[in-house]
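Asker: Chains as they are written, first to last, in the numbering used here: chain U, 76 to 497; chain B, 2 to 420. Yeah, the Cβ is synthetic: ideal placement off N, Cα and C, and Gly gets one too. Computed from a predicted model, the values in this text were never measured in an experiment.
(1) Any residues in the region 38–57 of chain B with a beta carbon nearer than 9 Å to a beta carbon of chain U? Which ones, in chain order?
(2) Would DSSP call residue 316/B helix, strand or coil?
(3) How is residue 18/B classed by DSSP in three states: helix, strand or coil?
(4) Return helix, strand or coil for residue 255/B, following the three-state DSSP convention.
(5) Along the chain, where does the alpha helix (DSSP H) containing residue 411/U start, and where does it finish?
(6) List, in order along the chain, the chain B residues whose C-beta lies closer than 8 Å to that of residue 276/U?
(7) Just the Cα atoms here: how many angstroms apart are residue 217/B and residue 95/U?
(8) Just mark residue 277/U as buried or exposed, buried being the case when its beta carbon has 16 or more other beta carbons within 10 Å.
(9) Between the alpha carbons of residue 76/U and residue 336/B, how many angstroms are there, rounded?
(10) Whole angstroms is fine: what's the gap from residue 166/B's alpha carbon to residue 345/B's?
(11) What residues from chain U crowd round residue 104/B, counting only those whose CB sits closer than 8 Å?
(12) Does the beta-carbon of residue 194/U have 16 or more other beta-carbons within 10 angstroms, so that it is buried, or is it exposed?
(13) Using 8 Å as the limit for Cβ to Cβ distance, is residue 3/B near chain U?
(14) Identify the contact partners of residue 147/U in chain B, using a Cβ-Cβ distance below 7 Å as the criterion.
(15) Who are the near neighbours of residue 224/B in its chain, counting only those whose CB is closer than 7 Å to its CB and skipping five residues on each side?
(16) Please determine, among 126/U, 221/U, 145/U and 165/U, the residue with the shortest C-alpha to C-alpha distance to residue 353/B.
(17) Per DSSP, which one or two residues make a beta bridge with residue 336/U?
(18) Quick one, which of 374/B, 164/B, 173/B and 202/B has its alpha-carbon nearest residue 234/B's?
(19) Using a Cβ cut-off of 7 Å, pull out every chain B residue sitting near residue 441/U, in sequence order please.
(20) Could you check the C-alpha separation between residue 369/U and residue 345/U for me, to the nearest Å?
(21) Three or more beta-carbon pairs under 8 Å between the region 236–252 of chain B and the region 312–332 of chain B, yes or no?
(22) Identify every residue that forms a DSSP beta bridge with residue 159/U.
(23) Hey, would you say residue 238/U sits closer than 8 Å to residue 258/B, going by beta carbons?
(24) Does DSSP put residue 221/U in a helix, in a strand, or in coil?
(25) Closest Cβ-Cβ distance between residue 83/B and chain U: below 8 Å?
(26) With the cut-off set at 8 Å, would you say residue 365/B and residue 77/B are in Cβ contact?
(27) Indicate whether at least one CB of chain U lies closer than 8 Å to the CB of residue 279/B.
(28) Measuring only between beta-carbons, confirm whether residue 318/B sits less than 8 Å from chain U.
(29) Report buried or exposed for residue 137/B, applying the criterion of at least 16 other Cβ atoms within 10 angstroms of its Cβ.
(30) Measuring only the C-alpha atoms, how far is residue 147/U from residue 436/U?
(31) Could you list the residues in the region 293–304 of chain U with a C-beta less than 7 Å from some C-beta on chain B, going in chain order?
(32) Short of 9 Å Cβ to Cβ, which residues in the region 320–334 of chain U face chain B?
(33) Relative to the ligand MN, is the shortest distance from any of its heavy atoms to the C-beta of residue 440/U smaller than 7 Å?
(34) Buried or exposed: which applies to residue 112/B, given that a residue is buried once 16 or more other Cβ atoms fall within 10 Å of its Cβ?
(35) Please check if any C-beta of chain B sits within less than 8 Å of the C-beta of residue 285/U.
(36) What does DSSP give as the partner residue(s) for residue 213/U in the beta ladder?
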């Protein structure tokens with residue numbers, strides 16, 4: 076393969092790019108990952124007085140609920156440097172300003188209006204730092220009647236029209252078990268920053284980026300929305316069917332709640348499928364063409380289900396893949412965890428952390444032929460105070476001591492009692 | 002918007018877009034950011050991209066709304082890279098290009114001598130981004146995939162649906178689109194490597210890996226640390242054996258997304274109860290409910306959750322989506338409609354933000370309304386400069402105007418099927 080003859084390079088893609096981040100919880104930090112894992116220097120401002128909810132979310136390392144033991148946080152943040160500052164105190168705000176003056180990028184994911192209250196809105200920041208790439212992301216966008224709506228991922232999926240399309244037509248929608256729009260929107264955040272930096276590289280000009288997570292979600296079903304606007308057709312969820320394939324569904328296999336997904340798009344795949352399953356009914360003329368298979372899909376699915384139940388999902392997958400029919404076990408999270416392909420690619424990796432045991436983390440969906448990502452995991456809260464304050468900002472010991480005394484720099488003593496390390 | 006036409010984020014960058022189906026969104030993102038993206042289709046058009054739904058329901062590859070939506074701002078040429086002439090033309094184009102985006106099976110371009118290594122000999126700066134179901138190498142690299150089977154392999158499918166029915170996907174395919182967006186991010190990272198070194202490289206995108214990120218949230222870590230295997234629970238959300246909570250409720254004219262989340266300091270539940278009380282639909286026991294101590298998901302019984310949720314469910318059935326959203330905004334309650342396509346288009350939020358964009362289609366003698374760009378950039382707002390290309394629309398512009406083929410040469414290339 077091509078990759079084998081390519082020599083690995085010595086530099087990281089984003090070496091020299093400096094990011095000051097106030098982005099918190101899901102989408103913001105996950106968007107910053109596209110820079111942090113690839114060589115950018117990212118300083119994330121956090122506070123012991125307002126803890127990122129991901130730091131407080133299960134599961135915890137060794138089942139100890141502490142702010143530095145959430146692998147979910149470690150995964151969502153990657154190799155960023157954490158400083159603990161309280162922006163509501165003058166000395167904390169001063170540190171934020173010093174970091175902004177140092178940075179190429181400022182990122183935030185608060186409810187619109189929050190940055191303005193701190194005097195850190197784009198208008199103010201760009202006066203001091205005209206070439207800043209200033210990223211704002213929130214659920215509905217910076218403007219409009221819903222701008223201040225601070226919801227969860229399932230709200231965004233619902234608002235964007237994705238939930239309505241998920242499930243069976245005769246039943247209520249079945250939302251995804253995850254914040255489906257979050258990971259998606261984080262990619263648009265990453266692309267947005269990386270391309271605004273390219274514009275800045277050529278022109279020296281910064282700008283304000285407004286990424287609405289819901290609008291990102293709508294992009295992903297754009298043809299469905301255009302179908303309504305243009306044709307007046309408001310689509311509804313349709314189970315597992317798809318207009319261009321039959322069989323196209325999920326079929327029960329041997330075992331407890333085991334399934335396989337099978338899709339047959341054209342006559343070549345259909346012939347291969349028939350040869351493998353070797354059933355008399357496949358010769359029936361009502362299944363001879365895609366059109367006839369679509370017209371008799373209910374009956375077809377009954378036949379395929381009866382056949383699939385005689386095998387394990389793994390057997391079905393192996394036998395159909397061997398002849399080029401798209402088919403896969405409906406993987407449980409356990410199957411995903413043990414997937415040899417994801418381990419082969421280094422997509423799932425066992426990674427160290429400052430205080431936690433090694434855990435298995437996902438990385439990115441792409442591999443680079445000349446450079447490997449920096450797959451270190453997220454920081455302890457305030458882990459890099461000394462480095463950032465002294466080495467990056469050049470603060471003196473006296474300045475640091477003063478900010479500690481007047482609360483601009485937060486410490487474990489500022490934690491609610493229930494969250495302190497025992 | 003004239004400034005955007007002059008200078009946008011990716012002005013001066015050229016992309017050859019051979020990606021198919023949902024992965025075409027990658028090239029669209031480049032094009033919407035100002036790059037010159039040339040869609041390279043086989044003669045006759047790309048079957049995987051020119052699919053339903055269709056303009057006025059006319060099943061014609063030149064009227065595919067799917068194609069329209071994900072190919073705005075691109076130019077389009079036809080080229081059969083399986084012919085010798087086609088390969089030569091592609092190589093000449095690759096010398097002028099910054100990116101090639103492709104979604105063929107692993108090995109396909111290698112066999113044609115058009116893989117990254119071959120192209121980098123002609124143009125060391127070129128970045129080739131390949132999007133495949135499982136990546137270029139590894140035990141499953143040779144597997145065929147479809148959107149549904151990739152939902153299956155990434156774990157998203159098993160966790161979605163009603164417990165008494167098979168796992169279920171989102172009816173409009175998502176996995177390849179997610180991978181297209183991930184590919185754009187990976188390509189831009191490779192671009193920054195090129196800025197530093199002058200060298201391109203090969204970016205190998207896996208749809209499966211991408212969709213794990215999209216649908217995992219924290220399931221893998223919960224499995225490793227707690228042994229939890231997430232199972233589909235209809236519209237309820239919750240890890241483990243507890244009752245979990247409803248994520249949506251039926252109302253008069255559809256569904257709304259609302260979850261009883263006990264977050265101290267938010268008016269979500271309290272505000273909702275107060276509104277219900279004002280309308281005489283909250284019993285005393287609910288008005289006086291001790292949410293913090295009684296509604297603890299780790300201890301509460303299913304019966305109690307049902308009892309509480311039922312009061313809300315009954316109330317929602319007396320209201321429409323619009324009535325509920327209006328009060329939710331006023332009272333700062335976390336509730337939104339489960340939007341149908343019609344609701345998405347009619348939502349005030351997107352109208353106020355000028356999200357919808359009218360694009361002229363000269364060939365249809367009509368103006369179509371599109372979803373806007375994915376981002377609002379203050380300095381380089383961007384716009385939809387041109388509709389998606391017709392099949393081979395820019396052949397002359399590119400082959401004659403840029404590569405300098407004569408009309409005699411082009412007629413030979415056309416009759417031989419190369420273009």
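Answerer: The short version:
(1) Against chain U - using a Cβ distance shorter than 9 Å - the residues of the region 38–57 of chain B are 52, 53, 54, 55, 56 and 57.
(2) In the three-state reduction of the DSSP assignment, residue 316/B falls in the helix class, which pools H, G and I.
(3) Residue 18/B falls in the strand class under three-state DSSP.
(4) Residue 255/B falls in the strand class under three-state DSSP.
(5) Residue 411/U -> alpha helix (DSSP H) spans 408–412.
(6) Against residue 276/U, the close residues of chain B are 196, in the order they occur along the chain (beta-carbon pairs closer than 8 Å).
(7) When rounded, the distance between both Cα atoms is 28 Å.
(8) A residue is called buried once 16 or more other Cβ atoms fall within 10 Å of its Cβ, and residue 277/U, having fewer, is exposed.
(9) Unreliable positioning characterises residue 76/U in this predicted model, as indicated by a pLDDT of 42, which lies under 50. The coordinate reading is nonetheless provided below. Linking residue 76/U to residue 336/B through their CA atoms gives a straight-line distance of about 51 Å.
(10) If you draw a straight line from the Cα of residue 166/B to the Cα of residue 345/B, it comes to about 28 Å.
(11) At a beta-carbon threshold of 8 Å, none of the residues of chain U lie near residue 104/B; the nearest stands roughly 13 Å away.
(12) Residue burial annotation: residue 194/U is exposed, with fewer than 16 other C-beta atoms found within 10 angstroms of its C-beta.
(13) The predicted model places residue 3/B with a pLDDT of 43, which falls under 50 and marks its position as unreliable; any figure quoted below should be read in that light. For residue 3/B, the nearest beta carbon of chain U is not closer than 8 Å to its own beta carbon.
(14) Against residue 147/U, the close residues of chain B are 219 and 222, in the order they occur along the chain (beta-carbon pairs closer than 7 Å).
(15) For residue 224/B, same chain residues with a beta-carbon under 7 Å away, outside a window of 5 residues either side, are 230 in chain order.
(16) When only C-alpha atoms are compared, the closest one is 221/U.
(17) Residue pairing by DSSP places residue 336/U opposite 325/U and 403/U in a beta bridge.
(18) Of 374/B, 164/B, 173/B and 202/B, the residue nearest in Cα terms is 164/B.
(19) 183, 184, 187, 204, 205 and 206, listed in chain order.
(20) Looking at the two C-alpha atoms, the distance is approximately 13 Å.
(21) When Cβ pairs closer than 8 Å are counted between the two stretches, the region 236–252 of chain B is seen to touch the region 312–332 of chain B, the count reaching three or more.
(22) Per DSSP, 121/U.
(23) Yes, they are a contact pair.
(24) For residue 221/U, the secondary structure class from DSSP, reduced to helix, strand or coil, is coil.
(25) Answer no: the Cβ-Cβ gap between residue 83/B and chain U never drops below 8 Å.
(26) No; because the gap between Cβ atoms is not below 8 Å, this pair is not in contact.
(27) So no, residue 279/B is outside the interface.
(28) Proximity of residue 318/B to chain U, defined by a Cβ-Cβ separation below 8 Å, is not satisfied.
(29) It is buried - the Cβ of residue 137/B has at least 16 other Cβ atoms within 10 Å.
(30) Looking at the backbone, the Cα of residue 147/U and that of residue 436/U are separated by about 9 Å.
(31) For the region 293–304 of chain U, the beta-carbon criterion of a distance under 7 Å to any beta-carbon of chain B is satisfied by 293, 294, 295, 296, 297, 298, 299, 300, 301, 302, 303 and 304.
(32) Flagged, chain order: 320, 323, 324, 325, 326, 327, 332 and 334.
(33) Absence of the ligand MN from the depicted structure is noted, as is the absence of any ligand whatsoever, leaving it without description.
(34) Exposed, by the Cβ-count rule.
(35) Chain B, which has a Cβ nearer than 8 Å to the Cβ of residue 285/U, makes this yes.
(36) Note: residue 213/U sits in a beta bridge opposite 287/U.
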